[in-house]
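See below for the structure under consideration.
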Amino acid sequence: MARNEEKAQSMLNRYLAGKLDEKRGPKQKRPYLASECRDLVEADKWRSQIIREVGKKVMEIQNEGLGEHRIRDLNDEINKLIREKGHWERRIKELGGPDYSRAAGKVTDSKGREVAELTGKGRGYTYFGAAKKLPGVKELFEAEPVKVARRSRHQMYRAIDPDYYGFRDEEDGVLERVEAEAEKMIRMQAVLDWEEKEMERQKALSAVATHGSTGGGGAGGEGDEGARFIAYVPLPDQQAIEAKILEMKRNDLLAKYTSDALLQQQAQAKALLNKK
């Protein structure tokens with residue numbers, strides 16, 4: 001019974017398909033020339049049909065086991081259909097339809113060159129699926145090593161200008177201002193170092209003179225001891241006096257060669273370091 005039902009169902013399907021074909025009328029064949037079509041709707045229908053055929057063949061060409069000859073034939077058929085699609089797209093545009101050619105892409109190699117220009121197949125020839133791995137085609141899609149071009153001595157000399165030697169570094173005035181400030185600081189530090197060394201030298205000379213005068217006193221030592229000066233208030237010693245004089249000179253030099261902003265920064269730094 002099940003077999004008879006299957007047969008009846010199959011016959012019913014064929015009958016319904018036949019009735020549907022009768023309503024549609026005889027199957028139309030795509031015109032050989034796109035220029036023969038006068039209807040925009042018909043032209044768009046034939047373009048869609050070509051796109052479906054291209055899709056089927058592109059799926060088929062993905063199989064690498066088809067053999068080299070079959071793959072080449074399929075690739076030629078796909079390119080032929082693509083060219084035919086271009087004819088229909090131009091016809092659609094002539095009939096007032098949309099311009100489909102603007103969305104068309106190009107197949108390029110690793111350097112951005114169009115593959116059609118390298119294969120000699122003519123402009124617009126494209127390789128699909130397994131056709132990209134065919135002998136003579138695979139090399140077009142492989143990345144070539146980047147060649148670093150070395151500059152000649154003449155090219156390097158051409159890049160040398162006055163800026164290379166620093167001839168125009170002082171035109172904006174920034175360098176002169178920075179150098180002047182740095183020179184003031186260096187000069188001030190040199191003067192302070194000299195005064196410090198000079199004070200040490202004066203101390204050494206005074207010490208030598210003091211030892212010489214005490215050593216030659218002789219019998220008059222007792223009279224000197226009797227006339228010794230007694231101070232009833234605390235007096236600073238020689239080192240404290242010399243340190244105070246050095247500090248005063250340092251402050252005078254700082255006030256002379258530095259700005260108010262720099263003095264304020266130094267005061268803040270001393271306050272942070274708990275220095276007086």
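Under the UniProt record's numbering, the first residue of the sequence shown is numbered 1, with each subsequent residue one higher.
All residues carry an ideal CB built from backbone N, CA and C; glycine is no exception.
Length of the line joining the Cα atoms of residue i and residue j
i	j	result
Gln49	Glu139	34 Å
Asp163	Glu170	11 Å
Arg158	Asp172	25 Å
Glu196	Met185	17 Å
Arg177	Ala209	48 Å
Gly112	Gln28	Unreliable positioning characterises Gly112 in this predicted model, as indicated by a pLDDT of 49, which lies under 50. The coordinate reading is nonetheless provided below. Cα to Cα, the separation comes out at about 42 Å.
Lys249	Met156	55 Å
Ala267	Ser206	35 Å
Pro135	Lys147	25 Å
Lys85	Glu68	26 Å
Gln239	Arg201	13 Å
Arg30	Lys19	23 Å
Leu12	Ile61	37 Å
Ala190	Ala269	22 Å
Val174	Asp193	29 Å
Glu183	Ala149	46 Å
Tyr100	Arg151	46 Å
Asp237	Gln265	32 Å
Ala116	Tyr127	Low confidence applies here, because Ala116 scores a pLDDT of 46, under 50, leaving its location unreliable; read the following figure in that light. If I take the Cα positions, the gap works out to 9 Å.
Glu36	Glu64	38 Å
Ala271	Asn251	16 Å
Arg70	Glu42	32 Å
Met59	Arg102	24 Å
Arg168	Glu181	20 Å
Residue i vs residue j beta-carbon contact at 9 Å
i	j	result
Asn79	Tyr125	yes
Leu40	Ile82	no
Arg47	Glu89	yes
Met199	Leu254	no
Glu179	Lys203	no
Leu95	Arg38	yes
Lys256	Met188	yes
His87	Ala34	yes
CB-CB length for residue i against residue j, believed under 8 Å
i	j	result
Asp44	Gly97	7 Å
heavy atom of the ligand ZN below 8 Å from residue i C-beta
i	result
Ala190	With respect to small molecules bound, the structure shown includes none, and the ligand ZN cannot be examined in it.
Limits of the alpha helix (DSSP H) - the one that residue i falls within
i	result
Ala43	Leu40 to Glu60
Lys80	Glu68 to Glu94
Gln155	Arg153 to Arg158
Tyr165	Pro162 to Tyr165
> Taking one C-beta from the stretch 70 to 80 and one from the stretch 129 to 137 each time, how about it: are there three or more such pairs within less than 8 Å?
Replying inline: yes
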